[in-house]
Amino acid sequence: MSAAKPILSVRDLTARVETRRETIQAVRGISFDIGANEAVGFVGESGCGKSVTAKALMRLAPEGASISLGGRIDFQGQDILSLSEKTMRDLRGRRIAMVFQDPMTSLNPVMTIGAQIDDILCRHLGLSRRAARARSVELLGLVGIPDPARRADDYPHQFSGGMRQRVLIAIAISCDPDLLIADEPTTALDVTVQAQILRLLLRLKDERGMALMLITHDFGVVAGMVDRVNVMYRGEIVEAGAIDDVFASPRHDYTRALLDAVPRLDRAGLGR
Ligand SMILES: Nc1ncnc2c1ncn2[C@@H]1O[C@H](COP(=O)(O)OP(=O)(O)O)[C@@H](O)[C@H]1O
Ligand SMILES: [Mg+2]
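In terms of our numbering, the sequence shown opens at residue 775 and continues consecutively.
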């Protein structure tokens, strides 16, 4: 547990995902805290409930499903599960923002990158078109897009996978959120680009004083990145602790299995 008062405090969270065909208890009563400016990892195999948990924090349902939530989500002293839908719309993207795995599907293919960021800044922050463009270019520079003033007029397909992920990160931080959720942000990228994107996230977290929730199926990704880690298995948190402690002496068999799946090279990268 972090010493400072957490900005996010989750207690006994449950999430039932309902589709036309079935009902799944995707999250089965999990509790965790995230401190201001803290990086917390969520690790577990595919289907264990990581993305449903992340979306639950913003009260969003997975694609093509509806969701029923139980328990308590306290974000900066506000009870997320009892806020109005209008308050939630203001909060999403503004105070809690999210970067997803697949940068292509999250961007509009027929709009320039600059126009997409401008729109968000105009809508959420009420900036003029002109002020928004200046800010968009600044944000693109901040996430490491070379020649941002020119690249703002390009379309998503003109960017590489890594550069598109940088664009999504620019969008996510555009309204200065207090919590950034990165859901498998590097899974689609090659190893070198992965490391660059992770370093970028960590740098932005520190520079902007955000909290970071980093979700991955791969322990190698959170090594050296997060302060604490929660290991998820079948909708539950089965192990939680300081990342170095969990790496050095995992308590749960499942955690051990996940750690064994990490190539030695990555483990040597602890503290990267
Ligand atoms: N869009 C969806 N439609 C139906 N079921 C879903 C959907 N998304 C998630 N689920 C169910 O919720 C469980 C948890 O999913 P998820 O949180 O996406 O896992 P992951 O840990 O891979 O992110 C899945 O095993 C699945 O049964
Ligand atoms: Mg997922």
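Think of the CB as a built atom: it goes at the ideal place given N, C-alpha and C, for glycine as much as any other residue.
Nearest residue (CA-CA) to residue i, options the options
i: His931; options: Glu981, Met999 and Met885; result: Met885
i: Arg785; options: Lys779, Val791, Ile798 and Ser805; result: Ser805
i: Arg973; options: Arg897, Val996 and Ala1016; result: Val996
i: Leu843; options: Val791, Pro951, Leu865 and Asp864; result: Val791
i: Gln968; options: Pro951, Ser934 and Ala985; result: Ser934
i: Asn811; options: Asp980, Ala906, Phe993 and Val917; result: Asp980
i: Thr961; options: Val1012, Arg924 and Ile989; result: Ile989
C-beta atoms of residue i and residue j nearer than 7 angstroms
i: Val1003; j: Val1020; result: yes
i: Glu819; j: His1026; result: no
i: Val941; j: Ile887; result: yes
i: Ala830; j: Ala946; result: no
i: Ala1014; j: Ile781; result: no
i: Val1036; j: Gly994; result: yes
i: Glu958; j: Gln875; result: yes
Nearest-angstrom Cα separation, counted from residue j out to residue i
i: Ser948; j: Ile894; result: 8 angstroms
i: Asp928; j: Arg909; result: 16 angstroms
i: Val801; j: Asp921; result: 43 angstroms
i: Met862; j: Ile854; result: 8 angstroms
i: Ala828; j: Ile955; result: 7 angstroms
i: Ser783; j: Phe849; result: 6 angstroms
i: Leu953; j: Pro836; result: 20 angstroms
i: Asp903; j: Tyr1028; result: A small fix is needed here, since residue 903 is Arg in this sequence, not Asp. Answer to the nearest angstrom: the Cα atoms are 51 angstroms apart.
i: Gly1043; j: Glu796; result: For Gly1043, the predicted model reports a pLDDT of 49, less than 50, meaning its position is unreliable; a value from the coordinates is still stated below. Approximately 42 angstroms between the Cα atoms of the pair.
i: Gly851; j: Gly998; result: 30 angstroms
i: Ile971; j: Leu916; result: 13 angstroms
i: Ile808; j: Tyr1007; result: 19 angstroms
i: Leu857; j: Leu787; result: 16 angstroms
Mind listing, in chain order, the residues whose beta carbon lies closer than 6 angstroms to a non-hydrogen atom of ligand 1? Result (chain order): Val791, Thr793, Ile798, Ala800, Gly818, Ser820, Gly821, Cys822, Gly823, Lys824, Ser825, Val826, Pro836, Glu837, Gly838 and Ala839.
request  = Let me know the beta strand (DSSP E) ranges lying completely inside the region 937-969, each 3 residues or longer, listed in chain order.
outcome  = Residue ranges of uninterrupted beta strand (DSSP E) with 3 or more members, entirely inside the region 937-969 and ordered along the chain, are 953-957.
>> Suppose only complete runs of 3+ residues qualify. What are the beta strand (DSSP E) ranges in the region 810-882, listed by chain order?
In response: 813-817, 840-849 and 870-873, all fully within the region 810-882.
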